[in-house]
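Colleague: Please read through the structure below; I'll follow up with questions.
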Amino acid sequence: MACYFTYLHNNLICMQIITCHARTHRAEERLFLDCKYSSSINSILKKLPGIKWSQTHKQWHLPLSDGSYKKFSVSIAGIAGIDNAAARVLPV
Numbered sequence: 003m004a005c006y007f008t009y010l011h012n013n014l015i016c017m018q019i020i021t022c023h024a025r026t027h028r029a030e031e032r033l034f035l036d037c038k039y040s041s042s043i044n045s046i047l048k049k050l051p052g053i054k055w056s057q058t059h060k061q062w063h064l065p066l067s068d069g070s071y072k073k074f075s076v077s078i079a080g081i082a083g084i085d086n087a088a089a090r091v092l093p094v
């Protein structure tokens with residue numbers, strides 16, 4: 003499992019990493035989110051505006067915009083880490 007280590011209440015914990023990939027899907031620029039299955043992460047992602055599940059890619063995706071990315075990153079803060087190196091237009 004891909005994870006990064008951080009401290010929470012003086013305890014070292016492993017947090018899951020969500021990898022972001024920008025790609026065109028059905029003629030729209032979308033931000034795809036790749037991570038191992040987690041019911042807690044899924045329940046957070048389902049609440050994001052504009053998010054959809056791709057049956058083809060088996061990944062969540064949302065509009066490729068700064069606003070969507072900010073809402074995603076704020077909602078997942080403290081739950082998982084974000085690797086956005088592969089997403090070409092997002093802040094690092």
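The working numbering numbers the first residue of the sequence shown as 3 and each following residue consecutively. All C-beta atoms in this analysis are idealised placements derived from N, C-alpha and C, irrespective of residue type, glycine included. Remember, predicted model here, so these are calculated numbers, not experimental data.
1) Straight-line CA distance for I1 to Q18?
2) Leaving out the 5 sequence neighbours to the left and right, which residues in its chain are closer than 7 Å to W55 when beta-carbon positions are compared?
3) Could you give the C-beta distance for L50 and L33, rounded to a whole number, given that I count them as a contact under 8 Å?
4) Identify every residue that forms a DSSP beta bridge with F34.
5) Can you say whether S42 is buried or exposed, counting buried as having 16 or more other CB atoms within 10 angstroms of its CB?
6) Would you mind working out which of C37, G52, Y71 and I84 sits nearest K127, comparing C-alpha positions?
Modeller: This is what the structure gives:
1) Outside the shown range of the chain (3 to 94) lies residue 1, about which nothing can therefore be said.
2) Locating residue 55 in the sequence shown gives position 53, counting from the first residue. Here the set comprises W62.
3) Indexing the sequence shown from 1 puts residue 50 at position 48. Indexing the sequence shown from 1 puts residue 33 at position 31. About 11 Å separates the two Cβ atoms, so there is no contact after all.
4) Residue mapping note: residue 34 aligns to position 32 of the sequence shown, counting from 1. According to DSSP, F34 bridges with H23 and H63.
5) One-based indexing of the sequence shown puts residue 42 at position 40. The residue is exposed, with fewer than 16 neighbouring Cβ atoms inside 10 Å.
6) Since the displayed the chain opens at 3 and closes at 94, residue 127 lies outside it and no answer follows.
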